[in-house]
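Colleague: Numbering (the numbering used here), first residue to last: 48 to 571. Where a beta carbon is used, it is the ideal one built from N, C-alpha and C, also for glycine. Note that the coordinates shown come from a computational prediction; the quantities given were computed from them, not determined experimentally. Dumping the structure here so I can ask a few things about it.
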Amino acid sequence: MQVAADQAPVLIKIHPQDNVAIVANEGGLPAGTVLPDGLQLVDTVPQGHKVALADLAEGDAVVRYNVVVGFAAKALPRGSWINERVTTMPAARTLEDLPVGTRITPLPPLEGYTFEGYRNADGTVGTRNILAISTTVQCVQGVVEHAVARIRQEMLPRYPNVDDVVGIEHTYGCGVAIDAPGAAIPIRTLHNIARNPNFGGTSMVVSLGCEKLQPERLLAPGAIPIRAGEGMGAEGNGVDTIVLQDEENVGFQSMIDLIMRTAERHLEKLNARRRETCPVSDLTVGVQCGGSDAFSGVTANPAVGFATDLLVRAGGTVMFSENTEVRDGIDQLTARAATPEVADALVREMAWYDEYLQRGMADRSANTSPGNKKGGLSNIVEKAMGSIVKSGSSPIHGVLSPGNRLTQKGLIFAATPASDFICGTLQLAAGMNLHIFTTGRGTPYGLAQVPVIKVATRDSLARRWHDLMDVNAGRIATGQASIEDVGWELFRLMLDVASGRQQTCAEKLKLHNALALFNPGPVT
């Protein structure tokens, strides 16, 4: 596809010191195209890909975001197409002698914004009112799926204030070295997912009976697993636990009947809940990107970063994550650390993940996918620079290890792998009640447990996937809107979605990805 004859060639340069810029034109630009400044393209350059703005000798730095994102693998004249095949990747930044707290920018408070949410007894607030059925082991997944389908069809219509019923299913619980180093991560992840604010504080678990992850190990310290029907249930201090291997379960249908009877008690409790006006400080938002392209760091992620600052200014909590997608900007993060302890924690998480990758004989370069490269991202360094901007400019107030639950507000780095599904699962465990997901290549990603707002980086993606994308940040690249415009649009949309006034595209279509636990421990 060639650029339209009436479409002027457009390059986007991020920083005055950059020696490359990306092609903004849909369809790219053909070789021989002459740009307004007289630059003539040596090669045909696809949309989103880089053009050399100066002659580069072999070994010269390739600079984007005012950061060295690569080195020329050969001499590249001005106007050349710069991609992963003609560049080499810089070494990882050392984790020593990092700046600490040198880029703290106090932002003025933002007042007067609220949303309608469901208050929980533990002080958290839900954006949805969902019955969650936790599981201790994958073996029970088929039974739980069957029960959930019947609950949705036969029971949920009688409880109009309950949004949904979901099974917290996973590939863990048995066949694992459950006491090995790292095994605590998936266990505490499952424990904390069950406590997500969108589940209203109800506690219901389905167990097989013989698995390694027994209910009492999954549940909170001091919680008592009560066999369903023994009288305590969600109204007392215990947790309704259904054990399929119990002798009273005679056949498949008795298992389903018991799950449904137990679910009905929880549905009655949830149905009595009503939304209340809550301050933005009760929002806990997870931000993430997937299917990234070169526009991610130009349009969608900067707009999310602007909205992140608005949320933090209003007292809310925002988590950004993805270890390998911030590793190459660790100096940028420690410079924004609110305290030396936060900086130390950032370094600790990066060092742990470096060692984890080394054990698997991989490194951070394994992150970048074929789609990322097709979208113009040459390597993980360039990808990381565009990913970090989702975090905005606020000071970083805390660092959360994988599987842990948030205990503070503000901007938080929640350490996770970059996998969309694992990152989303860990952010759920941390307590997010709303999710923001940016994409350039496109993904139908969604979660059943929280609303997911999808932000497209390009006009063409927003048009093609018109019923999958909630916000089109591509208007920033075409000059139709500013980063601030889209940031405010996203902020207001978050309040509407959190209040239940609006559903996201993924919610409407019921597009839900399976949860994926992070298990760095061995499987037996």
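1. Which class does E554 belong to by DSSP, given the choice of helix, strand or coil?
2. Helix, strand or coil, according to DSSP, for V89 in the structure here?
3. Looking at C-alpha atoms only, which residue of A227, Y219 and A224 is the closest neighbour of T236?
4. Can you name, in chain order, every residue of its own chain whose Cβ lies under 8 angstroms from the Cβ of S301, other than the five neighbours on each side?
5. How many whole angstroms separate the CB atoms of L88 and A78, which I take to be in contact at a CB cut-off of 8 angstroms?
6. Going by C-alpha to C-alpha distance, which of S250, G344, A122 and G126 sits closest to R505?
7. Which of the three DSSP states is assigned to P204 in this structure?
8. Scan the region 416-452 and note each continuous alpha helix (DSSP H) run of 4 residues or more that stays entirely inside, going in chain order.
9. If you draw a straight line from the alpha carbon of T490 to that of G338, how long is it in whole angstroms?
10. Note down the Cα distance separating D169 from I240, rounded to an integer number of angstroms.
11. Quickly, what does DSSP pair N519 with across the bridge? List them, please.
12. Does DSSP classify Q335 as helix, strand or coil?
13. Just verifying my parser: in three-state terms, what is the DSSP assignment at S254?
14. Any idea what DSSP makes of T288, helix, strand or coil?
15. DSSP state of K121, grouped into three classes?
16. For the candidate residues W535, A120 and T486, whose alpha-carbon lies nearest to that of L157?
17. Could you pull the start and end residues of the beta strand (DSSP E) that P326 belongs to?
18. Go ahead and label G352 buried or exposed: buried means 16 or more other beta carbons lie within 10 angstroms of its beta carbon, across all protein chains shown.
19. May I ask you to report which of helix, strand or coil DSSP gives K259?
20. Check whether the Cβ atoms of G574 and K456 lie closer than 8 angstroms to each other.
21. If you run the structure through DSSP and keep just helix, strand and coil, what is E372?
Modeller: Taking the structure as given:
1. helix
2. coil
3. Y219
4. E295
5. 5 angstroms
6. G344
7. helix
8. 417-421 and 427-435
9. 7 angstroms
10. 14 angstroms
11. A503
12. strand
13. strand
14. strand
15. coil
16. W535
17. E323 to P326
18. buried
19. coil
20. An answer regarding residue 574 cannot be provided, because it is not within the stretch 48 to 571 covered by the chain.
21. helix
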